[in-house]
Amino acid sequence: MLRILDRYLLKELAFGTLGSAALLLVVTIGGTLSDVLSKVAAGRYPASVMFPVLGLRVLDALSALLPVALFLGVLLGLARLYRDSEMHVLSSSGMGPSGLLRPALLLAVPVTIVVAVISLWLGPWSAAASQAMVDNANRSVIAAGLEAGRFTELPGGNGVIYTQELSPDGQRLTRVFVAS
(Lines of atoms letter the chains of each structure in order from A; the text may use other names.)
(Lines give C-alpha, C1' and ligand atoms only; values in the text may rest on other atoms or scores of the structure.)
Protein backbone atom coordinates (compact mmCIF):
# COMPACT_ATOMS: atom_id res chain seq x y z
CA MET A 1 0.00 0.00 0.00
CA LEU A 2 1.37 3.37 -0.97
CA ARG A 3 1.57 6.18 1.53
CA ILE A 4 -0.30 9.37 0.73
CA LEU A 5 3.00 11.14 0.20
CA ASP A 6 4.22 8.46 -2.22
CA ARG A 7 0.99 8.74 -4.23
CA TYR A 8 1.35 12.52 -4.35
CA LEU A 9 4.96 12.35 -5.53
CA LEU A 10 4.12 9.63 -8.06
CA LYS A 11 1.31 11.80 -9.43
CA GLU A 12 3.62 14.80 -9.77
CA LEU A 13 6.30 12.78 -11.55
CA ALA A 14 3.77 10.98 -13.77
CA PHE A 15 2.11 14.21 -14.94
CA GLY A 16 5.49 15.65 -15.89
CA THR A 17 6.39 12.45 -17.72
CA LEU A 18 3.09 12.31 -19.61
CA GLY A 19 3.36 15.97 -20.59
CA SER A 20 6.93 15.50 -21.80
CA ALA A 21 5.97 12.35 -23.69
CA ALA A 22 3.08 14.13 -25.40
CA LEU A 23 5.27 17.04 -26.46
CA LEU A 24 8.07 14.78 -27.69
CA LEU A 25 5.53 12.61 -29.52
CA VAL A 26 4.16 15.64 -31.39
CA VAL A 27 7.70 16.66 -32.38
CA THR A 28 8.52 13.09 -33.44
CA ILE A 29 5.34 12.79 -35.50
CA GLY A 30 6.14 16.09 -37.21
CA GLY A 31 9.67 15.04 -38.09
CA THR A 32 8.61 11.59 -39.25
CA LEU A 33 5.74 13.05 -41.29
CA SER A 34 8.20 15.41 -42.97
CA ASP A 35 10.51 12.50 -43.83
CA VAL A 36 7.68 10.30 -45.14
CA LEU A 37 6.20 13.18 -47.18
CA SER A 38 9.58 13.88 -48.78
CA LYS A 39 9.86 10.22 -49.78
CA VAL A 40 6.31 10.28 -51.19
CA ALA A 41 7.12 13.45 -53.14
CA ALA A 42 10.32 11.87 -54.49
CA GLY A 43 8.34 8.83 -55.64
CA ARG A 44 10.07 6.35 -53.34
CA TYR A 45 6.88 5.71 -51.31
CA PRO A 46 3.39 5.46 -52.80
CA ALA A 47 0.94 7.92 -51.25
CA SER A 48 -1.37 5.08 -50.23
CA VAL A 49 1.04 3.85 -47.55
CA MET A 50 1.94 7.24 -46.09
CA PHE A 51 -0.12 7.09 -42.88
CA PRO A 52 0.44 3.40 -42.05
CA VAL A 53 4.19 3.88 -42.51
CA LEU A 54 4.03 7.01 -40.36
CA GLY A 55 2.34 5.10 -37.55
CA LEU A 56 4.80 2.23 -37.72
CA ARG A 57 7.82 4.53 -37.73
CA VAL A 58 6.49 6.52 -34.76
CA LEU A 59 5.98 3.25 -32.88
CA ASP A 60 9.62 2.41 -33.55
CA ALA A 61 10.70 5.87 -32.32
CA LEU A 62 8.96 5.39 -28.97
CA SER A 63 11.89 3.34 -27.70
CA ALA A 64 14.06 6.46 -27.80
CA LEU A 65 11.31 8.91 -26.86
CA LEU A 66 10.02 7.33 -23.64
CA PRO A 67 13.30 7.35 -21.64
CA VAL A 68 13.83 11.01 -22.51
CA ALA A 69 10.25 11.76 -21.50
CA LEU A 70 10.77 9.95 -18.19
CA PHE A 71 13.93 11.94 -17.49
CA LEU A 72 12.27 15.24 -18.34
CA GLY A 73 9.15 14.33 -16.36
CA VAL A 74 11.10 13.51 -13.21
CA LEU A 75 13.20 16.63 -13.68
CA LEU A 76 10.12 18.84 -14.12
CA GLY A 77 8.29 17.22 -11.21
CA LEU A 78 11.19 17.67 -8.81
CA ALA A 79 11.82 21.22 -10.05
CA ARG A 80 8.21 22.11 -9.30
CA LEU A 81 8.50 20.62 -5.82
CA TYR A 82 11.62 22.70 -5.17
CA ARG A 83 10.10 25.84 -6.69
CA ASP A 84 7.03 25.63 -4.47
CA SER A 85 9.21 24.87 -1.41
CA GLU A 86 7.54 21.50 -0.95
CA MET A 87 10.92 19.77 -0.87
CA HIS A 88 11.92 21.96 2.08
CA VAL A 89 8.77 20.90 3.91
CA LEU A 90 9.42 17.25 3.08
CA SER A 91 13.02 17.41 4.28
CA SER A 92 12.04 19.21 7.49
CA SER A 93 9.48 16.48 8.19
CA GLY A 94 12.19 13.83 8.01
CA MET A 95 12.03 12.69 4.38
CA GLY A 96 15.43 12.53 2.73
CA PRO A 97 16.38 12.23 -0.92
CA SER A 98 16.06 8.45 -0.67
CA GLY A 99 12.35 8.92 0.09
CA LEU A 100 11.90 10.10 -3.49
CA LEU A 101 13.30 6.86 -4.81
CA ARG A 102 10.18 4.73 -4.29
CA PRO A 103 7.77 6.96 -6.29
CA ALA A 104 10.41 7.45 -8.99
CA LEU A 105 10.96 3.70 -9.28
CA LEU A 106 7.21 3.05 -9.36
CA LEU A 107 7.15 5.22 -12.46
CA ALA A 108 10.45 4.11 -13.99
CA VAL A 109 9.91 0.34 -13.82
CA PRO A 110 6.76 0.25 -16.01
CA VAL A 111 8.32 2.70 -18.46
CA THR A 112 11.42 0.49 -18.62
CA ILE A 113 9.29 -2.58 -19.32
CA VAL A 114 7.38 -0.76 -22.07
CA VAL A 115 10.65 0.46 -23.63
CA ALA A 116 12.07 -3.08 -23.49
CA VAL A 117 8.99 -4.50 -25.23
CA ILE A 118 9.12 -1.81 -27.90
CA SER A 119 12.88 -2.16 -28.42
CA LEU A 120 12.99 -5.94 -28.50
CA TRP A 121 9.74 -6.85 -30.27
CA LEU A 122 7.54 -4.02 -31.52
CA GLY A 123 10.31 -1.84 -32.97
CA PRO A 124 11.86 -4.51 -35.19
CA TRP A 125 8.41 -5.76 -36.17
CA SER A 126 7.23 -2.25 -37.11
CA ALA A 127 10.40 -1.56 -39.13
CA ALA A 128 9.99 -4.83 -41.04
CA ALA A 129 6.25 -4.29 -41.53
CA SER A 130 6.84 -0.74 -42.76
CA GLN A 131 9.45 -1.86 -45.27
CA ALA A 132 7.29 -4.77 -46.45
CA MET A 133 4.32 -2.43 -46.86
CA VAL A 134 6.37 -0.01 -48.97
CA ASP A 135 7.84 -2.84 -51.06
CA ASN A 136 4.41 -4.39 -51.73
CA ALA A 137 2.90 -1.03 -52.60
CA ASN A 138 5.79 -0.19 -54.93
CA ARG A 139 5.39 -3.54 -56.68
CA SER A 140 1.67 -2.93 -57.07
CA VAL A 141 2.27 0.59 -58.39
CA ILE A 142 4.80 -0.65 -60.92
CA ALA A 143 2.59 -3.54 -62.05
CA ALA A 144 -0.52 -1.34 -62.15
CA GLY A 145 1.16 1.19 -64.41
CA LEU A 146 2.57 -1.33 -66.87
CA GLU A 147 1.09 -1.99 -70.25
CA ALA A 148 2.33 -4.76 -72.51
CA GLY A 149 4.35 -3.44 -75.42
CA ARG A 150 4.93 0.07 -73.96
CA PHE A 151 7.80 1.75 -72.15
CA THR A 152 6.79 2.90 -68.66
CA GLU A 153 8.75 5.28 -66.44
CA LEU A 154 9.63 3.86 -63.02
CA PRO A 155 8.42 5.66 -59.87
CA GLY A 156 10.87 8.38 -58.96
CA GLY A 157 11.91 8.84 -62.59
CA ASN A 158 14.99 6.66 -62.17
CA GLY A 159 14.46 4.53 -65.24
CA VAL A 160 12.07 2.84 -67.62
CA ILE A 161 10.67 -0.65 -67.91
CA TYR A 162 9.33 -2.46 -70.95
CA THR A 163 7.52 -5.79 -71.00
CA GLN A 164 6.28 -7.58 -74.05
CA GLU A 165 3.67 -9.64 -72.20
CA LEU A 166 1.93 -9.13 -68.88
CA SER A 167 -0.24 -11.73 -67.13
CA PRO A 168 -3.81 -10.64 -66.29
CA ASP A 169 -3.07 -10.57 -62.54
CA GLY A 170 0.06 -8.43 -63.11
CA GLN A 171 2.34 -10.89 -61.35
CA ARG A 172 4.22 -12.34 -64.34
CA LEU A 173 6.16 -10.36 -66.90
CA THR A 174 7.84 -11.85 -69.96
CA ARG A 175 10.59 -10.40 -72.12
CA VAL A 176 11.36 -7.52 -69.79
CA PHE A 177 13.75 -4.64 -70.49
CA VAL A 178 14.80 -2.32 -67.65
CA ALA A 179 17.04 0.73 -68.05
CA SER A 180 18.10 3.28 -65.49
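Quick note on numbering: the sequence shown equals residues 1 to 180 in our numbering.
No residue lacks a Cβ here, since even glycine has one placed at the ideal position from N, Cα and C.
Treat the numbers as computed from the prediction; the structure is a model and nothing was measured.
CA nearest to the CA of residue i, picked from the options
i	options	result
T28	F15, R3, V49 and L56	L56
R172	L146, G157 and G159	L146
V53	G94, L154 and A132	A132
Y45	T163, S167 and S130	S130
R139	I161, V26, L120 and L2	I161
E87	E12, D135 and R3	The sequence given here has Met at residue 87, not Glu. Measuring from the Cα of M87, the nearest candidate turns out to be E12.
A64	L120, S167 and R175	L120
A128	F151, D60, M50 and F51	D60
Supposed contact pair residue j and residue i - C-beta distance, whole angstroms, cut 8 angstroms
i	j	result
A148	E165	5 angstroms
R80	D6	Going by Cβ atoms, the distance from R80 to D6 rounds to 17 angstroms, so no, they are not a contact pair.
Beta-carbon proximity of residue i to residue j, cut-off 8 angstroms
i	j	result
L106	L10	yes
L70	A108	yes
V74	A104	yes
T17	V58	no
L24	V68	yes
I118	L37	no
S185	A137	Given that the chain is displayed from residue 1 to residue 180, the structure contains no residue 185 and the question cannot be resolved.
S126	L76	no
DSSP-derived helix/strand/coil call for residue i
i	result
E86	helix
L154	coil
E12	helix
L2	coil
R175	strand
L106	helix
L166	strand
Practice problem: Decide yes or no for the touch test of the stretch 111-119 against the stretch 38-53: beta carbon pairs closer than 8 angstroms, at least 3 of them. | Solution: Counting Cβ pairs under 8 angstroms, fewer than three are found: no touch.
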